[in-house]
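Residue numbering for the sequence shown follows full-length UniProt numbering, starting at 1 and increasing by one per position.
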Amino acid sequence: MTPRSMLSPDGELYILGSDVTVQLNTAELKLVFQLPFGSHTRTFLQEVARACPGFDPETRDPEFEWLSRHRCAEPHAESPKPREWNSDPGTRSGFPPIGGGRHQSRNARRGLEDVLPRGPGYILLWGGAAEEPEFLLAEEMYEGGPVRGRRPRAGRRDEALEEADWEMSAGGGSRERDCAGVSNVDSSRPNGRGPDQPSGARCPEKPENSLTRQNKSKSDMSEKVRSATVTVSDKAHILSVQKFGLRDTIVKSHLVQKEENYTYIQNFRFFVGTYNVNGQSPKECLRPWLSHSALAPDVYCVGFQELDLSKEAFFFHDTPKEEEWFKAVSESLHPDAKYAKVKFVRLVGIMLLLYVKQEHAAYISEVEAETVGTGIMGRMGNKGGVAIRFQLHNTSICVVNSHLAAHTEEYERRNQDYRDICSRMQFPQVDPSQPPLTINKHDVILWLGDLNYRIEELDVGKVKKLVEEKAFQTLYAHDQLKIQVAARTIFDGFTEGEITFQPTYKYDTGSDDWDTSEKCRAPAWCDRILWKGKNITQLSYQSHMALKTSDHKPVSSVFDIGVRVVNEELYRKTLEEIVRSLDKMENANIPSVTLSKREFCFENVKYMQLQTESFTIHNSQVPCQFEFINKPDEESYCKQWLTARPSKGFLLPDSHVEIELELFVNKSTATKLNSGKDTIEDILVLHLERGKDYFLSVSGNYLPSCFGSPIHTLCYMREPILDLPLKTVSDLTLMSVQTADDRSQLENPMEIPKELWMMVDYLYRNAVQQEDLFQQPGLRPEFDHIRDCLDTGMIDHLCANNHSVAEALLLFLESLPEPVICYSAYHSCLECSGNYAASKQIILTLPSFHKNVFNYLMAFLQELLKNSANNHLDENILASIFGSLLLRNPARHQKLDMAEKKKAQEFIHQFLCGPL
């Protein structure tokens with residue numbers, strides 16, 4: 001077959017440093033490859049060429065068409081010098097193509113590996129060639145380097161990240177961005193634009209080779225920046241030939257086991273910094289923090305907290321501060337090196353930036369970012385963490401930036417936040433046989449942030465006196481983080497360097513004076529950096545008192561981290577040995593396993609209370625790949641309330657793996673279990689590739705709960721739900737809203753659910769002056785206690801933190817199968833959100849039980865607002881929180897877009913301000 005040239009051999013090409021789409025036309029077929037940023041693009045194409053020998057000598061060298069709109073100008077096109085660039089004397093004219101220098105056509109019988117350029121290249125992000133290529137935060141492009149025997153990268157999982165498509169402009173709502181800005185450039189910004197925004201003053205493009213960036217749609221851009229769903233990501237995947245399946249998995253596993261045979265340790269210098277900026281804009285140069293060391297770091301990991309404290313940032317995720325601080329960081333990186341921005345991720349006010357020296361960019365691969373909110377209802381992003389994971393050469397690295405719960409007495413909530421981040425932060429993989437990567441599944445973990453642990457058992461005066469005496473070790477003995485780590489409740493296996501600097505919180509903004517506000521917070525080491533892994537040496541750990549923008553001081557740590565670098569020759573020899581051994585083994589035997597257990601019983605399952613059962617798969621003498629598979633006519637391998645971890649995997653001979661079956665009932669599954677439409681019964685089918693199937697039985701019983709029960713059902717339950725016969729619970733749950741209204745005159749049900757009254761009454765008696773009510777999460781064990789009190793009617797035993805009861809109320813409203821404002825009224829409510837009279841008419845048309853609940857909740861929220869001087873609540877906060885709970889989109893799995901969210905907020909806002 002004869003590939004046809006799709007691109008002039010003399011044409012220079014600059015590739016966007018994220019996903020790359022390549023088209024190859026042959027006489028027989030047309031192939032399109034989508035190669036994500038970080039994949040081994042050149043290796044892939046070389047191996048394709050080797051698989052296609054005997055090119056027609058009459059045909060030009062085979063070349064691929066890179067399906068990207070981001071190319072340079074034509075080779076001989078004239079392009080004016082951009083007006084905003086600063087050119088260093090002696091700068092060579094023109095950009096090199098990928099790998100440097102154009103490749104001239106040679107003998108066509110040479111493989112594609114001779115045609116493809118080598119080494120990292122550059123992209124002029126805004127297009128066009130220039131005589132003097134010193135450019136303004138232009139993008140440096142690179143392909144994945146020779147990272148071997150590791151896991152492929154994958155697409156994003158979190159819905160919040162799915163919403164945040166990266167566009168070329170640095171819009172305030174963007175939360176995750178790929179690719180690379182080169183730092184140390186002119187700080188001017190034409191037209192007030194940020195560093196990632198296009199400007200006509202920067203780099204003109206030929207009209208036929210470019211589109212106006214402002215007119216690009218999100219879906220258009222997302223194809224270039226998101227991970228591909230299927231890709232070949234390393235040479236091991238290619239060279240194991242035959243098929244991309246079990247054999248490839250075996251090769252990778254053996255390569256990981258034999259890693260020391262073909263790698264050596266090389267030190268790279270990492271700068272890790274954290275700064276809580278208290279919602280301020282940058283007012284001073286950050287170089288005293290970011291560039292304090294003599295040697296330029298190889299990698300920068302820079303984290304911020306409280307980037308924006310406005311309610312708009314909290315509820316709608318938009319903030320101009322993102323762009324301001326990104327620009328400030330980019331301009332303050334070490335002046336002795338140029339850096340490429342690899343990734344940028346933000347969750348409300350928590351932001352993390354990752355930069356590498358441009359010479360290392362080719363060896364960065366498998367870049368992924370994730371976010372976890374641990375605020376109210378375990379979702380809000382006012383507290384939580386963001387993380388970036390990547391491969392540097394052959395070492396996997398995960399960087400986590402977190403902002404944990406505040407206040408001295410809340411160390412248990414901080415511990416809970418840490419555990420939530422660890423359990424929920426998962427990076428999916430392309431390889432379907434591999435489970436998602438967790439934070440702990442990395443060679444090196446760097447954890448930074450405002451962890452908010454305080455000094456305990458000492459009053460403010462004593463703390464300040466010890467600081468003045470520089471008796472840091474005496475003070476450190478009372479540090480909550482030290483105490484909790486020593487108790488092994490958090491950060492197990494992590495290390496923190498010796499603290500030789502004074503506490504970094506809390507100062508009067510703009511000074512080095514301790515807090516003189518009415519609250520007079522005690523000084524504390526809130527801002528910390530910890531690490532976990534081998535071959536890590538901390539060179540410095542310090543605060544930076546010169547920066548006075550915030551009530552916190554920034555903290556930095558510099559590390560030498562030993563990274564495994566591949567010796568290409570030894571790698572190929574190791575790979576060949578593995579492939580030869582597999583050739584001998586292949587088809588010799590049929591895989592078989594033994595299971596330690598096949599029947600599992602979950603007793604007394606409760607709403608949102610996780611239960612787990614485990615078993616072990618023991619493998620015999622043949623490598624095998626296992627997977628739980630769907631039963632006929634079913635969409636998943638198990639029911640929605642059950643999960644197997646891992647659900648698929650690979651086992652080497654004589655190895656074993658423990659499988660955990662997790663049973664968790666939530667709002668999506670509770671109603672059917674309450675009604676009896678579903679039961680805790682399932683059969684799992686464990687399938688071995690090239691082997692037989694094994695059947696596992698799951699059984700149990702569910703304890704009905706008010707959570708997940710309809711409003712009208714609960715109004716008919718005068719007795720606690722757990723005191724009623726299951727048949728009665730089932731019948732009432734299945735009863736329609738209309739039937740409930742018709743029966744109400746005969747059976748005299750309650751006007752509102754007693755469980756709702758219990759929670760609201762508790763808050764009314766105990767929490768109307770509680771600061772941050774409905775904004776701070778409760779404690780997990782206390783929710784279990786609250787649920788049990790509601791389901792058993794033991795109201796006198798209800799004793800919990802105000803925040804825990806408030807969160808339980810929100811979870812209760814969220815769990816209603818039909819929201820307080822019925823789905824049928826949703827669109828009408830949005831349409832009349834600016835008309836209070838029309839809005840009240842809609843409420844009057846609701847079923848009586850729903851109307852009663854709505855009015856009851858509004859009356860309670862108005863009572864809270866009467867105490868706003870103490871609880872600091874306002875109409876906007878409450879409308880934002882309750883708007884998305886009381887008004888839900890009828891397309892139940894569709895999240896409200898920004899316009900709908902604001903209309904829902906406005907609808908509720910009317911009732912908080914006006915008479916009921």
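We put the beta carbon where it would ideally sit given N, CA and C, even for glycine.
| Query | Result |
| --- | --- |
| Along the alpha helix (DSSP H) that carries residue 758, what are the first and last residues, could you check? | 754 to 766 |
| Between the beta-carbon of residue 329 and the beta-carbon of residue 302, is there less than 7 angstroms? | yes |
| Which one or two residues does DSSP pair with residue 401 in a beta bridge? | 386, 448 |
| Looking at the unbroken beta strand (DSSP E) that takes in residue 643, where does it start and where does it end? | 642 to 645 |
| So, for residue 464: in the same chain, excluding its five sequence neighbours on each side, which residues have a beta-carbon less than 7 angstroms away from its beta-carbon? | 514, 523 |
| Please report how far the alpha carbon of residue 870 lies from the alpha carbon of residue 775, in whole angstroms. | 14 angstroms |
| Check whether the Cβ atoms of residue 527 and residue 274 lie closer than 7 angstroms to each other. | yes |
| Using the C-alpha atoms, what's the distance from residue 813 back to residue 852? | 14 angstroms |
| What beta strand (DSSP E) runs, 3 residues minimum, are completely inside the region 650 to 723? | 656 to 663, 681 to 688, 693 to 702 |
| Cutting at 8 angstroms between CB atoms, please list the residues of its own chain near residue 760, excluding the five before and the five after it. | 809, 856, 857, 860 |
| Which residues in the same chain as residue 452 place their Cβ atom closer than 7 angstroms to its Cβ, once the five residues preceding and following it in sequence are excluded? | 404, 405, 406, 414, 526 |
| How big is the Cα-Cα spacing for residue 901 and residue 773? | 21 angstroms |
| Give me, in chain order, the residues of the same chain whose beta-carbon lies closer than 7 angstroms to that of residue 538; leave out the 5 immediate sequence neighbours on both sides. | 497, 557, 559 |
| Grab me the residues of residue 878's own chain with a C-beta within less than 8 angstroms of its C-beta, minus the 5 sequence neighbours each way, in chain order. | 774, 861, 864, 865, 908, 912 |
| Using 7 angstroms as the threshold, is the C-beta distance between residue 664 and residue 683 below it? | no |
| Once you ignore the five residues that flank residue 321 on each side, which residues in its own chain have a CB closer than 7 angstroms to its CB? | 281, 307, 308 |
| Just to confirm before moving on: does the CB-CB distance between residue 720 and residue 793 stay below 7 angstroms? | yes |
| Is DSSP giving residue 929 helix, strand or coil here? | The question about residue 929 has no answer, for the chain in this structure spans 1 to 916. |
| Would you mind listing the alpha helix (DSSP H) stretches within the region 564 to 597 that are 4+ residues and don't spill past its ends, in chain order? | 568 to 585 |
| For a cutoff of 7 angstroms on Cβ pairs, would you count residue 335 as touching chain C? | Considering every chain present, this structure includes no chain C. It has just one protein chain. |
| Less than 8 angstroms between the CB atoms is what I'm expecting for residue 334 and residue 291, so what's the real figure, rounded? | 5 angstroms |
| Could you tell me if residue 715 is buried or exposed, where buried requires 16 or more neighbouring beta carbons within 10 angstroms of its beta carbon? | buried |
| State the beta-bridge partners of residue 605 as determined by DSSP. | 702 |
| In whole angstroms, give me the CA-to-CA distance for residue 360 and residue 417. | 34 angstroms |
| Would you mind sorting residue 781 into buried or exposed? The rule is 16 or more other CB atoms within 10 Å of its CB. | exposed |
| Among residues of its own chain, excluding the 5 on either side of residue 442, which ones have a beta-carbon nearer than 8 angstroms to its beta-carbon? | 389, 396, 397, 398, 533 |
| Quick one: is residue 298 buried, meaning 16 or more other Cβ sit within 10 Å of its Cβ, or exposed? | buried |
| Does residue 309 come out as helix, strand or coil in the three-state DSSP assignment? | coil |
| Are the beta-carbon atoms belonging to residue 356 and residue 550 less than 7 angstroms from one another? | no |
| Leaving out five residues before and five after residue 458 in sequence, what residues of the same chain have Cβ atoms less than 7 angstroms from its Cβ? | 478 |
| Pick from 807, 631, 595: whose alpha carbon is nearest that of residue 658? | 595 |
| In its own chain, which residues sit with a C-beta less than 7 angstroms from the C-beta of residue 609, not counting the 5 before and 5 after it? | 784 |
| Could you please give me the residues that DSSP links to residue 351 through a beta bridge? | 304, 346 |
| Pick from 906, 263, 434: whose alpha carbon is nearest that of residue 572? | 263 |
| For a quick check, are the C-beta atoms of residue 555 and residue 504 less than 7 angstroms apart? | yes |
| For residue 125, which of helix, strand or coil comes out of DSSP? | Below a pLDDT of 50, predicted positions are generally treated as unreliable, and residue 125, at 26, falls in that range; no measurement from the model is reported. |
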